[in-house]
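Peer 1: Numbering (our numbering), first residue to last: 62 to 312.
Yeah, the Cβ is synthetic: ideal placement off N, Cα and C, and Gly gets one too.
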């Protein structure tokens, strides 16, 4: 799976860079549409390759590669059809030293930050795994709720990057500070709202689990009652009959 999955990494990079270019001039819808289309294709191919063709794990990896190729192709096709400064042309591809150094100055620290975050998650997950299956299942469920809140904060962060870069390029530092305050405020407020929703969902799940546990206890009490009041007397009667039969045969 990993070997096939690694084949899709260049296409993931192309999509991420292309979608960043689209967001840089305010178009955040097309990356979302492209991702929805590729995600739908990924699900359909998973079902087809795994269930119909019986490819197993390799089928899942192949579906991921094809969906990433599709998303990267759609982004490049859109950029190639543009006729402005954001147009993509293969024949114009070359390396410029000054912009490359600026990109590395920003990208390398951000990459190290993301790598540290991933490595720390590996240690945390290994610690959780030592507590058993129930801890792993609970951590996975909680992680899904964490993704919901993180995606909201990340969305406003992406918006802040787009608008800040535009205004910084225009030399309007006052608007950069204003954008930072607004995006920080919106991110905190909506994340708090989503967190409260997650808490309410958690309480609902806890009530359902507690109710099921109570039902199980009631069922077990009923079973024990039946075993104690029905099965044992019947067993006692059977033993009495056997004893009488043995006495009769002995006489």
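How would you label residue 188, buried or exposed, when you count the other beta carbons within 10 angstroms and need 16 or more for buried?
Peer 2: On the chain shown, residue 188 is found 127 positions in, with the first residue counted as 1. Exposed is the call here.
Peer 1: Would you mind giving the Cβ-Cβ distance between residue 80 and residue 226, rounded to the nearest angstrom? I have them listed as a contact below 8 Å.
Peer 2: Position 19 of the chain shown holds residue 80. Position 165 of the chain shown holds residue 226. Not confirmed; about 14 Å, so no contact.
Peer 1: Out of 115, 112, 68, 247, which has the shortest C-alpha to C-alpha gap to residue 212?
Peer 2: By one-based count along the chain shown, residue 212 stands at place 151. The candidate whose alpha carbon is nearest that of residue 212 is 247.
Peer 1: Three or more C-beta pairs under 8 Å: does that hold for the stretch 66-78 against the stretch 124-136?
Peer 2: Two segments are said to touch when three or more pairs of C-beta atoms, one from each, lie closer than 8 Å; by this definition the stretch 66-78 touches the stretch 124-136.
Peer 1: Is residue 147 helix, strand or coil when you go by DSSP?
Peer 2: What you label residue 147 is simply residue 86 of the chain shown in a count that begins at 1. If DSSP states are grouped into helix, strand and coil, residue 147 belongs with coil.
Peer 1: In the DSSP assignment, find the unbroken alpha helix (DSSP H) run with residue 115 in it and report its ends.
Peer 2: For the purposes of this step, residue 115 is identified with residue 54 of the chain shown, where counting begins at 1. Counting along the chain, no alpha helix (DSSP H) covers residue 115, and no H or E run does either.
Peer 1: Just to check my reading of the structure: residue 217 and residue 244 have Cβ atoms closer than 8 Å, yes? What is that Cβ distance to the nearest angstrom?
Peer 2: Locating residue 217 in the chain shown gives position 156, counting from the first residue. Locating residue 244 in the chain shown gives position 183, counting from the first residue. Going by Cβ atoms, the distance from residue 217 to residue 244 rounds to 5 Å, so yes, they are a contact pair.
Peer 1: Rounding to the nearest angstrom, what Cα-Cα distance links residue 127 and residue 118 in this structure?
Peer 2: For the purposes of this step, residue 127 is taken as residue 66 along the chain shown, with counting starting at 1. For the purposes of this step, residue 118 is taken as residue 57 along the chain shown, with counting starting at 1. Spanning the two alpha carbons is a distance of roughly 15 Å.
Peer 1: Reducing DSSP to helix, strand and coil, say where residue 207 ends up.
Peer 2: For the purposes of this step, residue 207 is taken as residue 146 along the chain shown, with counting starting at 1. In the structure shown, residue 207 sits in a helix (DSSP, three-state: H, G or I).
Peer 1: Quick one: Cα of residue 219 to Cα of residue 204, how far?
Peer 2: Here the question's residue 219 lines up with position 158 in the chain shown. Here the question's residue 204 lines up with position 143 in the chain shown. Approximately 21 Å between the Cα atoms of the pair.
Peer 1: Cutting at 8 Å between CB atoms, please list the residues of its own chain near residue 196, excluding the five before and the five after it.
Peer 2: Sequence index remark: in the chain shown, residue 196 carries index 135 (1-based). Contacts found: 189, 190.
Peer 1: Among the candidates 172, 62, 192, 120, whose CA atom is the shortest distance from the CA of residue 105?
Peer 2: What you label residue 105 is simply residue 44 of the chain shown in a count that begins at 1. Ranking the options by Cα distance to residue 105, first place goes to 120.
Peer 1: Quick one: what does DSSP say residue 66 is sitting in, helix, strand or coil?
Peer 2: As a working note, residue 66 is residue 5 in the chain shown. In this structure, residue 66 counts as helix in the three-state DSSP scheme.
Peer 1: To which residues of the same chain is residue 291 closer than 7 Å at the C-beta, ignoring the five residues directly before and after it?
Peer 2: For this step, residue 291 is matched to residue 230 along the chain shown. Note that residue 291 has pLDDT 49, beneath the 50 cutoff, so the model's placement of it is unreliable and no number is given.
Peer 1: Locate the alpha helix (DSSP H) running through residue 168, then write down its first and last residues.
Peer 2: As a working mapping, residue 168 is identified with position 107 in the chain shown. Residue 168 -> alpha helix (DSSP H) spans 158-190.
Peer 1: Can you grab the Cα-Cα spacing for the pair residue 96 / residue 251, in whole Å?
Peer 2: The sequence position of residue 96 within the chain shown is 35, counting from 1. The sequence position of residue 251 within the chain shown is 190, counting from 1. The alpha-carbon atoms of residue 96 and residue 251 are separated by roughly 23 Å.
Peer 1: Please report the straight-line C-alpha distance between residue 143 and residue 149, rounded to a whole angstrom.
Peer 2: Taking the first residue of the chain shown as position 1, residue 143 is located at position 82. Taking the first residue of the chain shown as position 1, residue 149 is located at position 88. In a straight line, the C-alpha of residue 143 is about 8 Å away from that of residue 149.
Peer 1: Taking 6 Å as the limit between beta carbons, can you name the residues of its chain near residue 210, skipping five residues before and five after?
Peer 2: What you label residue 210 is simply residue 149 of the chain shown in a count that begins at 1. Result list for residue 210: 252, 255, 256, in chain order.
Peer 1: Would you mind stating whether residue 223 and residue 99 have Cβ atoms separated by less than 9 Å?
Peer 2: Taking the chain shown and counting its residues from 1, the one referred to as residue 223 is at position 162. Taking the chain shown and counting its residues from 1, the one referred to as residue 99 is at position 38. No.
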